[in-house]
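Here the structure comes first, spelled out in structure tokens, and everything after it is commentary.
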Amino acid sequence: MDKKHVVIAMSGGVDSSVAAAMLVEEGYQVTGMMLKLWSADCTTSENACCTPESIEQARHVAGMIGIPFYVIDAKNTFKEIVVDNFVRNSFSGLTPNPCFLCNQKIRWGFLLEKAKSLGAQQIATGHYAIVEKGNDMIYHLYKGVDEKKDQSYILSGLNQEQLCQTILPLGKYTKEHIREKALKLGFPVATKHDSQDLCFIGNGNYRSFLLNSAGQELKPGSIVDKNGVKVGVHTGLQDYTIGQRKGLGAGNQEPIYVIAKNPLSNEVVVGGKNDLGFDRIKTKSVNWISGHKPQLPLSVGVKIRYKASVQPCEVDDFGQGFQIIKLNESVRDATPGQIAVLYIENEVIGSAEIISAWVEEK
Amino acid sequence: MIISAFKMSRWSKRAIITAGKNMDRVYLDYAATTPVDHQVVQSMTPYFESNFGNPSSIHFMGQSAEHALTSARKNLCMLMGASTAELIFTSGGTESDNLAIRGLAARKKDSNQKILISPVEHPAVSNTCNQLCGEAEIVKMRVDNYGLIDIDNLQKQITSDILLVSVIWGNNEIGTINEIEQIGKICREKNVLFHTDAVQAAAHLKINFAKSNIDLLSFGAHKFHGPKGVGGLLMSKDVQLIPQITGGSQENNTRAGTSNIPLIKGMEKAFILLQDELEKNNLHKKHLRDILIEGITNNIPGSYLTGHPEKRLPNHASFVIEGVRGQDLVIGMDMAGYAISSGSACKVGNPSPSQVLLAIGIPEDLAIGAIRVTVGKNTKEVEVRTFITELSKLVTTLRKK
């Protein structure tokens, strides 16, 4: 056993299947694992990340490449860390990103610990991103080579200890290349339907999930304009997100948009298109990938949502552990609860949670 | 289609080679199944390709198949102390259990009927009984903390409205060997039919059907180095069953379907080989078993033997270990190259404690940390000793978490 023992997180999909096969080819001792996650209405529905079909698929692929595969129960941990946090934050008017937290705390927390306590040294996933140890002895996180598939955003919460135990075999390849490799290996390549929904909400929608599972009612309230004048009623803050245009009631001459949510007064604030620009973002809980705070201010690029493009900006300290991101040009939506990820060219240098956004007075 | 199938098989081959290079695996799960002996494989091959006839056919090809079947039945019955009319070939232990229980329950649907089973039965018996609800009332016996039947209580429980008593001979989970002859004697006295699941026992203990007061006995070949998919039910001549698989008149009108000659011949050979070296192999297994029991309970604090310390299967060591989950132990040991089993066979997530362990009074939080280590005739002492070292390391790591 001279080669390292790696646990690959398998989803049954093409990416993690090929990643597993690549690790075997490279001579690692490989074990496949899938986490059984919590789901609402657990008697009638499954968590979308670990349905019986995807378990079967992953087991089948593991059999084809000759590696053991186990399903590990992580229901309680996932519920406590990811779902409860999601519910709590939703009721505080935030738009949380549970996948970011799941990677940071479940895959690179629970699973990594589990894998190590069972005898493995590292974990691997089928994410499109690159981890490399630099000459500075620091582990660096880069965008995947395939710009369209890049998943570095969702991994930006990882720290040095997590990264040094991580292998991402797909980062240097395009999705097309991986698909071809899957075909060559005879893997089933029917792409899983990429659901936009949250994996744990069960049969209903987001709203009914909060209603039922969280045991909390959505509180209706007022829709107000910038000056605090009531212009309508809303069904609950959780139903609205910054930049949203639909569902604000008809009869407005100009199109109106959600420009802010106020959890204290339970108000949705609306305004015209011109009110929607933000060029200042305040963040907290920053994670510098290198483990060291760089010299600030620093000119970087920022991604304010998973699918947003990188915007040039300057990041600086805001005092008391907060940061401020000054955008060169304003963006339409910067949503509290979402993650701002900082890039220098292709390298992720850090990430932080958005707490507020505004326009700098000119 | 063809191309992708070809590619798949090519890849699989390569993968197996790679996996083989990576580690030598030590198999310590002989109670789950055993490798088929090479001599057994050889004994089967003629019946696939040359002597392939259907024993029900009138022609000579049929006759030679029938001869093969008859001689297998003769040899097996002789070695089990039964007469040839008392053996029904089935697809394995589970089918035998089903045939015994369902076949009897179906016999007299109108009268009040109760089935008395132990709370430590294999699911092939307990789940079958559970499904009979309505057709028969299921009553559980009392067992002690080792899983041994409480004989005094049994005597009180046996009444004339009892259709069947079923007790596992050698327990698959905790290894305990029940006093089958004694239980059978009580049943005979009360004129109640007695069935035993001897699937584990048959691989280690001498069976003397005529002298054990047993009316029905289930066994399967793959526990004693025979092939999977074949077994038998020994059934006293005066017992009548309603067939559960209907069709032709095979197996004395009790189990329809063309006789699976190759597998039956394999089972015959495996059982002959088993008897040839029974005592020698049992001594070897017992030696390794005792190293395991002593090594684990002495070296791992908070580990306890489950089942009876002496009255247990010679190859069977089972434990509960504090502060760890059985599933984690199985996975961690597998990753270290050792195949063992946990209390409940649960491949998908959520470990729940074994009903058998709860029935013998093990608390729920301890029952979750159950493992079973079972050795075979080819297991080496060094393998067992390194296993103990690795297990003890794993338990320490898991507890640190």
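In the order they appear, the protein sequences are chains A and B.
So that you can map any letter, position 286 of the first sequence is 678 in this note's numbering, and since no number is skipped, the others follow by simple counting.
So that you can map any letter, position 50 of the second sequence is 51 in this note's numbering, and since no number is skipped, the others follow by simple counting.
Beta carbons: idealized from backbone N, C-alpha and C, even for Gly.
Check, Outcome
"DSSP three-state call for residue 390 of chain B: helix, strand or coil?", "helix"
"So within the stretch 84-137 of chain B, which uninterrupted beta strand (DSSP E) runs reach at least 3 residues, ignoring any that extend past its ends?", "88-91 and 115-118"
"Locate the beta strand (DSSP E) running through residue 285 of chain B, then write down its first and last residues.", "Looking at the DSSP string, residue 285 of chain B is not in any beta strand (DSSP E); the run it does join, the alpha helix (DSSP H), is 279-300."
"Mind checking whether residue 142 of chain B and residue 127 of chain B have CB atoms under 7 Å apart?", "no"
"Alpha carbon to alpha carbon, how far is residue 389 of chain B from residue 320 of chain B?", "12 Å"
"Which residue wins for smallest C-alpha separation from residue 164 of chain B, given the options B:192, B:172, B:33 and B:183?", "B:192"
"Thinking C-beta only, is residue 563 of chain A closer than 7 Å to residue 526 of chain A?", "no"
"Give me the Cα-Cα distance between residue 292 of chain B and residue 311 of chain B, rounded to the nearest whole angstrom.", "14 Å"
"Against chain B, does residue 431 of chain A count as a neighbour if the rule is that its beta carbon must be under 7 Å from one of theirs?", "no"
"Measuring alpha carbon to alpha carbon, tell me which of B:206, B:221 and B:186 ends up nearest residue 215 of chain B.", "B:186"
"Use the C-beta contact count for residue 38 of chain B: other C-beta atoms within 10 angstroms, 16 or more gives buried, fewer gives exposed.", "buried"
"Using the Cα positions of residue 461 of chain B and residue 132 of chain B, report the straight-line distance between them to the nearest angstrom.", "Since the first and last residues shown for chain B are 2 and 402, residue 461 of chain B lies out of range."
"Could you say which of A:632, A:677, A:714 and A:699 lies nearest to residue 486 of chain A if we only look at CA atoms?", "A:632"
"Does the CB of residue 347 of chain B have a neighbour CB from chain A at under 7 Å?", "Unreliable placement is indicated for residue 347 of chain B, whose pLDDT of 49 sits below 50; the coordinate value is still reported in the next sentence. No - not a single Cβ of chain A is within 7 Å of the one on residue 347 of chain B."
"For residue 510 of chain A, which residues in chain B fall below 7 Å Cβ to Cβ?", "329, 332, 333 and 336"
"If the cut is a Cβ gap below 7 Å, which residues of chain A does residue 392 of chain B touch?", "Residues of chain A passing the Cβ test: none, with the nearest at roughly 12 Å."
"Please report how far the alpha carbon of residue 441 of chain A lies from the alpha carbon of residue 467 of chain A, in whole angstroms.", "12 Å"
"Tell me residue 809 of chain A's beta-bridge partners as DSSP assigns them.", "In the structure as shown, chain A begins at 393 and stops at 754. Residue 809 of chain A is therefore absent and cannot be evaluated."
"Use the C-beta contact count for residue 123 of chain B: other C-beta atoms within 10 angstroms, 16 or more gives buried, fewer gives exposed.", "buried"
"Where residue 539 of chain A and residue 669 of chain A are concerned, what is the direct C-alpha to C-alpha distance, given to the nearest angstrom?", "26 Å"
"On a Cα-Cα basis, can you pick out the residue from B:354, B:315, B:308 and B:140 that is closest to residue 325 of chain B?", "B:354"
"Quick one: what's residue 492 of chain A bridged to in DSSP?", "Answer is none; residue 492 of chain A lacks a bridge partner."
"CA-CA distance, residue 14 of chain B and residue 416 of chain A?", "The pLDDT assigned to residue 14 of chain B is 43, lower than 50, so where the model puts this residue is not dependable, and the model offers no usable value."
"Could you check how far apart the C-beta atoms of residue 397 of chain A and residue 512 of chain A are, in whole angstroms? I think they sit under 8 Å.", "4 Å"
"Rounded C-beta distance between residue 429 of chain A and residue 470 of chain A? I'm assuming under 8 Å.", "5 Å"
"Could you tell me whether any Cβ in chain A is nearer than 7 Å to the Cβ of residue 399 of chain B?", "yes"
"Specify the secondary structure class of residue 398 of chain A as computed by DSSP and reduced to three states.", "strand"
"Of all the CB atoms in chain B, is at least one closer than 7 Å to the CB of residue 561 of chain A?", "no"
"Kindly indicate which three-state DSSP category residue 426 of chain A falls into: helix, strand or coil?", "strand"
"Taking only beta carbons into account, state which residues of the stretch 445-468 of chain A come closer than 9 Å to chain B, listed in chain order.", "447, 451, 455, 456, 457, 458, 459, 460, 462, 463, 464, 465, 466 and 467"
"Of the residues B:56, B:28, B:397 and B:43, which one's Cα is nearest the Cα of residue 260 of chain B?", "B:56"
"Cβ atoms of residue 679 of chain A and residue 534 of chain A: under 7 Å apart, would you say?", "no"
"Just to make sure I have the definition right: I need the residues of chain B whose C-beta is within less than 8 Å of the C-beta of residue 397 of chain A. Which are they?", "336"
"State the DSSP-derived secondary structure class of residue 347 of chain B, mapped to helix, strand or coil.", "Model confidence at residue 347 of chain B stands at a pLDDT of 49, short of 50, so the residue's coordinates are unreliable; what they give is reported in the following sentence. Residue 347 of chain B falls in the coil class under three-state DSSP."
"When the Cβ atoms of the stretch 146-153 of chain B are set against those of the stretch 299-314 of chain B, are three or more pairs found closer than 8 Å?", "yes"
"Give me, in chain order, the residues of the same chain whose beta-carbon lies closer than 6 Å to that of residue 378 of chain B; leave out the 5 immediate sequence neighbours on both sides.", "282"
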